[in-house]
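J.:
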Ligand SMILES: Cc1ncc(COP(=O)(O)O)c(C=O)c1O
């Protein structure tokens, strides 16, 4: 239904793109709008000396307003950098620098985390002497509340987890996690796999920080946002500083700016921000988000029916139940464990999927899996894509 909006399919007519969990394709409207902006309005921002710069800056801040509307928060609580990985590193580093996280403290993260939400904590932990612990899942893949209670000791200062698993597509009840936390625990949620698929309300969930990466929602690569609750904007020192993060510098010291500017050192990704604005305009906020969700749920049901037919030959990781999930499905084949081979076969049929660990070693290790194949859907995938994928899978 939406495929015609995406030039990639015109230029690659046989392509079945099922690697959307990694990054998704860009609509013509976004490409044209961005090209238009670069052709007519682009200049560096935060200089205000000429009209072009003003136009460019307006587009940059309009982008933040669009993001804020999408998340039901304030534009003044959002700052941009480059991707989710970078974002979590910045938050982790700022928490250490601001002494919110110190020696003997602990960080508690979900076992299903992407490495982007594991390594920043582990690397800093080695240097600063705090501990990183994982809370687990039960056999039905739901959060193991008992394990959480045991691990959530008095020294836990940060809890961080993803809203949606990039391996199973499972939506976790992060609001319930928040309700279990003490007021002084910093709660970070990685929304990389949820924002592209359904409406999320940051205030309702009540997290302190949230990261999201624009390229998974039809914006260009290199633009990513962090929502940071107002009180933390004041408390945290930035990891990276330079132009635009200061009010004053002298030979004896400096004064940092307040608010989100403090976290946006140097020339930002202006073109990326505009691409995000245009991607959100393309989605047309809430009404279209609901349509994306409906479309996805229809596809999810069809995919699960196919997996049910292949049960015994193909093991789907997690469940055949369609509730609480987005269109990401990982699986293993009973008769073929060579993922490179499987990947190659799909590629030879112009089907883009992913095989491996999906940057989630801890989860794969807990499940005793040496890797999985993942197919992940988005707005433009249709019945033909799904049929072609399962035709090839059945053949393997
Ligand atoms: C849950 C999750 N977190 C973080 C990331 C990292 O995103 P990026 O590569 O944009 O930094 C991904 C990427 O797939 C992801 O799925």
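In the working numbering, the protein residues as written are 248 to 643.
C-beta: ideal position from N, C-alpha, C; glycine also.
Would you call the segment 593–607 in contact with the segment 500–516, where contact means no fewer than 3 C-beta pairs closer than 8 angstroms?
T.: These segments do not touch.
J.: What did DSSP end up calling residue 363 once you bin it into helix, strand or coil?
T.: Residue 363 falls in the helix class under three-state DSSP.
J.: Count the other C-beta atoms from every protein chain shown that fall within 10 angstroms of the C-beta of residue 331, then say buried if there are 16 or more, exposed otherwise.
T.: Flag for residue 331 reads buried.
J.: Let me have the residue list for ligand 1: C-beta closer than 5 angstroms to any non-hydrogen atom, ordered along the chain.
T.: That gives 330, 331, 332, 361, 363, 409, 413, 437, 439, 440 and 460.
J.: Taking the CB atoms as reference points, tell me whether residue 620 and residue 567 lie closer together than 8 angstroms.
T.: It is not a contact, given that the beta carbons lie outside the stated cut-off.
J.: Quick one: what's residue 551 bridged to in DSSP?
T.: Note: residue 551 sits in no beta bridge, so no partner.
J.: Could you have a look at residue 464 and say whether DSSP puts it in helix, strand or coil?
T.: Residue 464 falls in the helix class under three-state DSSP.
J.: Only counting the same chain, and skipping five residues up and downstream in sequence, which positions put a Cβ closer than 7 angstroms to that of residue 470?
T.: If we look at residue 470 and ignore the five residues flanking it on each side, its Cβ neighbours are 327, 461, 516, 519, 520, 522 and 523.
J.: Figure out for me which residue from 624, 585, 565 and 550 has the closest Cα to the Cα of residue 637.
T.: Of the listed residues, the one whose Cα sits closest to residue 637 is 550.
J.: Determine contact between the segment 567–576 and the segment 609–624, defined as no fewer than three beta-carbon pairs at a distance below 8 angstroms.
T.: Touching, yes.
J.: Pick from 448, 352 and 341: whose alpha carbon is nearest that of residue 484?
T.: The residue with the shortest Cα to Cα distance from residue 484 is 341.
J.: Measure the CB-CB distance between residue 201 and residue 325 and report whether it falls below 8 angstroms.
T.: Residue 201 lies beyond the residue range present for the chain, which begins at 248 and ends at 643; the question has no answer from this structure.
J.: Helix, strand or coil for residue 292 per DSSP?
T.: DSSP places residue 292 in coil when its eight states are reduced to three.
J.: I need the DSSP call for residue 496, collapsed to helix, strand or coil.
T.: Residue state, collapsed to three classes: strand.
J.: Taking C-alpha atoms, which residue in 304, 437, 393 and 259 lies nearest to residue 365?
T.: When only C-alpha atoms are compared, the closest one is 437.
J.: Between residue 400 and residue 353, is the Cβ-Cβ spacing less than 8 angstroms?
T.: In contact: residue 400 and residue 353 (Cβ atoms closer than 8 angstroms).
J.: Among the candidates 545, 526 and 447, whose CA atom is the shortest distance from the CA of residue 468?
T.: Among 545, 526 and 447, the Cα nearest to that of residue 468 is on 526.
J.: Starting from residue 332, trace the alpha helix (DSSP H) both ways and give me its first and last residue.
T.: Counting along the chain, the alpha helix (DSSP H) containing residue 332 begins and ends at 331–344.
J.: Nearest to residue 465 by alpha carbon, out of 263, 347, 269 and 414?
T.: Measuring from the Cα of residue 465, the nearest candidate turns out to be 269.
J.: Leaving aside the five residues before and after residue 367 along the sequence, list all residues of the same chain whose C-beta is less than 7 angstroms from its C-beta, in chain order.
T.: Counting only Cβ-Cβ distances below 7 angstroms, and skipping sequence neighbours, we find 335, 336 and 339.
J.: Write down every uninterrupted run of the alpha helix (DSSP H) in the segment 503–572 whose length is 4 residues or greater and which is fully enclosed by it, in chain order.
T.: For the segment 503–572, whole alpha helix (DSSP H) runs of length 4 or above, ordered along the chain, are 517–530 and 532–556.
J.: Would you mind sorting residue 296 into buried or exposed? The rule is 16 or more other CB atoms within 10 Å of its CB.
T.: Flag for residue 296 reads exposed.
J.: For residue 406 and residue 434, which I take to be in contact (beta-carbon distance under 8 angstroms), what is that distance rounded to the nearest angstrom?
T.: About 5 angstroms separates the two Cβ atoms, so the contact holds.
J.: Hey, could you find the ends of the beta strand (DSSP E) residue 601 is sitting in?
T.: Looking at the DSSP string, the run of the beta strand (DSSP E) that includes residue 601 is 601–603.
J.: Taking the alpha helix (DSSP H) that residue 276 belongs to, which residues open and close that run?
T.: Unbroken alpha helix (DSSP H) run through residue 276: 275–287.
J.: Tell me the DSSP secondary structure of residue 633 in three-state form.
T.: Of the three classes helix, strand and coil, the one that applies to residue 633 here is helix, per DSSP.
J.: What residues match up with residue 378 in a beta bridge as DSSP calls it?
T.: 353, per the DSSP bridge assignment.
J.: Quick one: any contact between the segment 282–290 and the segment 298–308, if contact means 3 or more CB pairs under 8 angstroms?
T.: Touching, yes, given that three or more Cβ pairs across the two stretches are closer than 8 angstroms.
J.: Run the CB neighbour count on residue 311, radius 10 Å, all protein chains shown included, and call it buried at 16 or more, exposed below.
T.: Residue 311 comes out buried.
J.: Is the segment 419–426 touching the segment 371–379, taking contact as three or more C-beta pairs under 8 angstroms?
T.: Contact between the segment 419–426 and the segment 371–379 is absent, because fewer than three Cβ pairs lie under 8 angstroms.
J.: Going by DSSP, which residues form a beta bridge with residue 623?
T.: Answer by DSSP bridge pairing, in chain order: 266 and 575.
J.: If I'm right that residue 449 touches residue 457 with Cβ under 8 angstroms, what's the distance once you round it to whole angstroms?
T.: Indeed they touch by this definition, with Cβ atoms about 6 angstroms apart.
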